[in-house]
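Q: Sequence order for the protein chains is A and B. Under our numbering, the first residue of the first sequence carries the number 1, and numbering increases by one thereafter. Under our numbering, the first residue of the second sequence carries the number 1001, and numbering increases by one thereafter.
Number of protein chains: 2
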Amino acid sequence: MNDVNQFLLHAKDRVEAAIDRLVPTPDHRPGILHEAMRYSLMAGGKRLRPALCYAAFEDCGGVGEASDWGAVALEMVHTFSLIHDDLPCMDDDDFRRGLPTCHKKFGEAMAVLAGDALSIYAFQVLSRSGNAEAVSLLATALGSDGMLGGQVVDIQSEGKPCDLATVDYIHLHKTAALIEASLELGAVLAGADGARRSIYREYGRSIGLAFQIVDDILDIESSTEKLGKDVGSDVENQKATYPAVVGLGESKKQARLLVARAVELTKQMGSRGPVLADLARFIVERGN
Amino acid sequence: MNDVNQFLLHAKDRVEAAIDRLVPTPDHRPGILHEAMRYSLMAGGKRLRPALCYAAFEDCGGVGEASDWGAVALEMVHTFSLIHDDLPCMDDDDFRRGLPTCHKKFGEAMAVLAGDALSIYAFQVLSRSGNAEAVSLLATALGSDGMLGGQVVDIQSEGKPCDLATVDYIHLHKTAALIEASLELGAVLAGADGARRSIYREYGRSIGLAFQIVDDILDIESSTEKLGKDVGSDVENQKATYPAVVGLGESKKQARLLVARAVELTKQMGSRGPVLADLARFIVERGN
């Protein structure tokens, strides 16, 4: 897995440099808003979505700065979703990646506005590419038929008995949609055609769903220390999860099947295929 | 002012039909999110921003559906800003246009998500034009150097003594930026060049600032009944307003000067110039 770590670290360095270049500093008015945006953007994380965007872009022969705009936009919308998710009226989380959440640090009003600003700024950054299709793709992945749709159904399902179709809907929309979009965005920014795009899309959908299933498993099996967030909170909040619906064993099996499908798809890719295959395997191994 | 009323009513009918066509209905999952989005979108209002977008588009000889996408996107982002502004952690308003605010009707979590979905959906709708410049323009008008920047400085200024420069910053960003963008968006969607765009931009900036100054004046002078919202709330919350900084008489004078400048600019416009001149006058007269 050395290659995967290298690959993730490289993307992390690159997207963090691009964020630093593209997001206004706190000495630009209103300083507090830019500070809050940067605080949450720079709070760490694996930068998985940017890494996927860079990989698909390079795999499709893309050159130039466009993948940076895609990668930064993805990290911005991901961060926006975390900030709003953590709000008292949503999951009410005090810590994220071992640090106080945005509303704990800057107050609730500023957290709402910093999230708003990040989601809007993502489209500003992405529009630099001159590619309206890229804008459409990201907006669709985020909207009511994408990530936000998943969040709503997730909230509605809390504390209620839940079936597999609903858990699938939530995971495919809340998590997989943006991971899928990360890959497709890289391909679109590189000018890939429809047939190539669909390979990345299906790969993204497979690892995205696997990623969330493994997250559900980890929530049960891991310790607080290891993840830096409250563990077992999904069970406490009676969240819709794979293990709750199909059991731990079946959940692990499903994750493995999805990863196998993703690995299969990487055979149709170019030079970045092997590392994307390793990345898919890395996702399940995280859960073992 | 018959022409202005006609003009506003026509735009209102048109944009409401386009909203109904473009926003998913509550029978699409997640129904509650679409219901909340539509509830706030359809809660009324003059539809000033869409009307301005249509006018600039037609004035620049634009044809086709593109102005509908711009007009719907503008109403979506305007509604998004109202929903989040009304939240308990922001202005904590229970009523808007005589109806319960989104969070009063659907709960706080759903109001946050409905606002988020509207701001994202605006970019999806606008991207149909294939015009990445239009996306950039709207995002810039909304972001930390636009509307959201104004909101942050507004919040920071509450309960503190405030100078004219700060009130100008707040009004130009919080209110005028989106009105300015409404006109420029119409021009861009019609394919207007930079010189023409700057005429609409300055007109928009002038009426936008005048509009907010008149709003400040009305907040002091009008009755609750007439506006359908809590009146005098700005004074109660010690909000940064023009009358608080320069007095009522000087505020009225400034509004008149801005409108005169806007009317002057309409002489450089085409067939929609006269109605845009009347609209500018209508804004000040609202306050008399």
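Quick reminder that beta carbons are idealized off the backbone N, C-alpha and C, glycines included. In this text, all values refer to a predicted model and were calculated from it rather than measured experimentally.
Going along chain B, which residues have a C-beta under 7 Å from valine 89 of chain A?
A: According to the sequence displayed, residue 89 of chain A carries cysteine and not valine. In chain order: Glu1108, Ala1109 and Val1112.
Q: Whose C-beta lies closer than 7 Å to the C-beta of arginine 1097 of chain B among residues of the same chain, with five residues either side of it excluded?
A: Sequence-distant Cβ neighbours of arginine 1097 of chain B in its own chain, meaning closer than 7 Å and more than five residues away, are Ala1043, Gly1044, Gly1045 and Gly1228.
Q: Do leucine 1074 of chain B and alanine 1134 of chain B have their CB atoms nearer than 8 Å?
A: Between leucine 1074 of chain B and alanine 1134 of chain B, the C-beta gap is not smaller than 8 Å, which leaves the two residues out of contact.
Q: Report yes or no: do three or more beta-carbon pairs, one from the region 1113 to 1130 of chain B and one from the region 140 to 147 of chain A, lie closer than 8 Å?
A: The count of Cβ pairs closer than 8 Å, one atom from the region 1113 to 1130 of chain B and one from the region 140 to 147 of chain A, reaches three, so the stretches are in contact.
Q: Short of 8 Å Cβ to Cβ, which residues in the region 1029 to 1046 of chain B face chain A?
A: Arg1029, Pro1030, Ile1032, Leu1033, His1034 and Met1037
Q: Count the other C-beta atoms from every protein chain shown that fall within 10 angstroms of the C-beta of lysine 1253 of chain B, then say buried if there are 16 or more, exposed otherwise.
A: exposed
Q: Got a sec: is the Cβ-Cβ distance from aspartate 1116 of chain B to anything in chain A below 8 Å?
A: Interface residue, yes.
Q: Considering only the alpha carbon of each residue, which of A/Pro26, A/Ala55 and A/Lys12 lies closest to aspartate 278 of chain A?
A: A/Ala55
Q: Just by C-beta distance, which residues in the region 1119 to 1141 of chain B are closer than 9 Å to chain A?
A: Ser1119, Ile1120, Tyr1121, Ala1122, Phe1123, Gln1124, Val1125, Leu1126, Ser1127, Arg1128, Ser1129, Gly1130, Asn1131, Ala1132, Glu1133, Ala1134, Val1135, Ser1136, Leu1137, Leu1138, Ala1139 and Thr1140
Q: Can you find a CB in chain A that lies within less than 8 Å of the CB of histidine 1022 of chain B?
A: Note that residue 1022 of chain B corresponds to leucine in the displayed sequence, not to histidine. For leucine 1022 of chain B, the answer is no, since every Cβ of chain A falls outside 8 Å of its Cβ.
Q: In terms of residue numbering, what span does the alpha helix (DSSP H) encompassing threonine 25 of chain A cover?
A: Looking at the DSSP string, threonine 25 of chain A is not in any alpha helix (DSSP H), and its letter there is neither H nor E.
Q: Can the beta-carbon of alanine 1036 of chain B be found closer than 8 Å to that of alanine 1114 of chain B?
A: Contact check for alanine 1036 of chain B against alanine 1114 of chain B passes: the beta carbons are separated by less than 8 Å.
Q: Indicate the three-state DSSP secondary structure (helix, strand or coil) for proline 1050 of chain B in the structure shown.
A: helix
Q: Tell me, please, whether the CB atom of valine 152 of chain A is closer than 8 Å to any CB atom in chain B?
A: Answer yes: the Cβ-Cβ gap between valine 152 of chain A and chain B drops below 8 Å somewhere.
Q: Out of curiosity, what's the CA-to-CA distance linking aspartate 1068 of chain B and alanine 244 of chain A?
A: 46 Å
Q: Report all residues from its chain with a CB closer than 7 Å to the CB of serine 51 of chain A; omit the five preceding and five following residues, and keep chain order.
A: Looking at the sequence provided, one finds alanine at residue 51 of chain A rather than serine. Within the same chain, Phe7, Leu8 and Ala11 come within 7 Å of alanine 51 of chain A by CB-CB distance, once the 5 residues on both sides are set aside.
Q: Given this structure, state the Cα-to-Cα distance separating aspartate 1059 of chain B from threonine 1266 of chain B, to the nearest angstrom.
A: 11 Å
Q: Could you list which residues in chain B have their beta carbon closer than 7 Å to that of serine 67 of chain A, in chain order?
A: For serine 67 of chain A, there are no neighbours in chain B by C-beta distance under 7 Å, as the nearest C-beta there is about 16 Å away.
Q: Is arginine 272 of chain A helix, strand or coil when you go by DSSP?
A: Arginine 272 of chain A falls in the coil class under three-state DSSP.
Q: I'd like to know whether the C-beta of leucine 1148 of chain B is nearer than 8 Å to at least one C-beta of chain A.
A: yes
Q: What first and last residue would you give for the alpha helix (DSSP H) that runs through arginine 1256 of chain B?
A: 1248 to 1266
Q: Run through DSSP, which three-state label would leucine 87 of chain A get?
A: When secondary structure is reduced to three states using DSSP, leucine 87 of chain A falls in the coil class, being assigned neither helix nor strand.
Q: Should the region 170 to 179 of chain A be regarded as contacting the region 1153 to 1170 of chain B, the criterion being three or more beta carbon pairs within less than 8 Å?
A: no
Q: How about leucine 1178 of chain B and arginine 1049 of chain B: are their beta carbons less than 8 Å apart?
A: yes
Q: Take methionine 1110 of chain B and list the residues in its own chain whose beta-carbon comes closer than 8 Å to its own, dropping the five residues that flank it on each side.
A: Ile1032, Leu1033, Ala1036, Cys1102 and His1103
Q: Exposed or buried, what is proline 274 of chain A when buried is set at 16 or more other beta-carbons lying within 10 Å of its beta-carbon?
A: Under this definition proline 274 of chain A is an exposed residue.
Q: Considering only residues of the same chain and omitting the five flanking positions on each side of leucine 1289 of chain B, which have a CB-CB separation below 8 Å?
A: Limits of chain B in this structure are 1001 at one end and 1288 at the other, which puts residue 1289 of chain B out of reach.
Q: Assuming valine 1004 of chain B and arginine 1047 of chain B make a contact with CB atoms under 8 Å, what is their CB distance in whole Å?
A: Actually they do not touch by this definition, with Cβ atoms about 13 Å apart.
Q: Tell me which same chain residues have a C-beta within less than 7 Å of the C-beta of arginine 1261 of chain B, skipping the five on either side of it?
A: Ser1206
Q: Would you mind working out which of A/Lys239, A/Arg21 and A/Leu218 sits nearest glutamine 156 of chain A, comparing C-alpha positions?
A: Distance check between glutamine 156 of chain A and each of A/Lys239, A/Arg21 and A/Leu218 places A/Lys239 closest, using alpha-carbon atoms only.
Q: Note down, one range per segment and in chain order, each alpha helix (DSSP H) of at least 4 residues found wholly within the region 115 to 150 of chain A.
A: Along the region 115 to 150 of chain A, the alpha helix (DSSP H) occurs as fully enclosed runs of 4 or more residues at 132 to 142, listed in sequence order.
Q: Given a threshold of 16 other Cβ atoms within 10 Å of its Cβ, counted over all protein chains shown, does glycine 1150 of chain B qualify as buried or as exposed?
A: buried
Q: Just the chain A side, please: which residues come within less than 9 Å of glutamine 1156 of chain B by C-beta, in chain order?
A: Pro30 and Ile32
Q: So for proline 1100 of chain B, helix, strand or coil by DSSP?
A: Three-state DSSP puts proline 1100 of chain B in a strand.
Q: Glycine 143 of chain A CB to nearest chain B CB: under 8 Å?
A: yes
Q: List the residues of chain B that histidine 297 of chain A touches, going by C-beta distances under 7 Å, in chain order.
A: Only positions 1 to 288 of chain A appear in the structure, and residue 297 of chain A is not among them; the question remains open.
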